[in-house]
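Residue numbers (this note's numbering): 81 to 155.
As structure tokens, then:
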């Protein structure tokens with residue numbers, strides 16, 4: 081698993097499993113088969129594709145659209 085810390089000014093598509101801690105200014109898409117731990121903030125929407133797993137410990141400014149993935153809130 082890779083771990084990223086950064087700020088992304090636009091949209092981002094996650095196509096590899098890992099951990100992201102930082103800010104995504106707009107939308108985030110979690111691709112099919114990706115297992116992602118998301119910490120920090122997403123300014124827009126999150127889209128979880130079929131077969132993806134999202135461990136969410138982040139603030140979300142928009143909506144979460146689950147299209148057949150798994151969503152796990154982390155405390």
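Glycine is no exception: its CB is placed at the ideal position from the N, C-alpha and C atoms.
Would you mind working out which of the options sits nearest residue i, comparing C-alpha positions?
i: residue 154; options: 140, 141, 136; result: 136
i: residue 124; options: 100, 143, 152, 134; result: 143
i: residue 141; options: 150, 120, 98; result: 120
Quick check: what's the CA-CA separation for residue i versus residue j?
i: residue 102; j: residue 148; result: 25 Å
i: residue 106; j: residue 122; result: 6 Å
Determine the burial state of residue i: buried for a count of at least 16 other Cβ atoms within 10 Å of its Cβ, exposed for fewer.
i: residue 112; result: exposed
i: residue 96; result: exposed
i: residue 110; result: buried
i: residue 92; result: buried
Need the endpoints of the beta strand (DSSP E) that residue i sits in, please.
i: residue 146; result: 144 to 146
i: residue 138; result: 133 to 140
(request) Would you mind listing the beta strand (DSSP E) stretches within the region 83 to 129 that are 3+ residues and don't spill past its ends, in chain order? (result) 92 to 94, 98 to 104, 108 to 110, 115 to 122, 126 to 128
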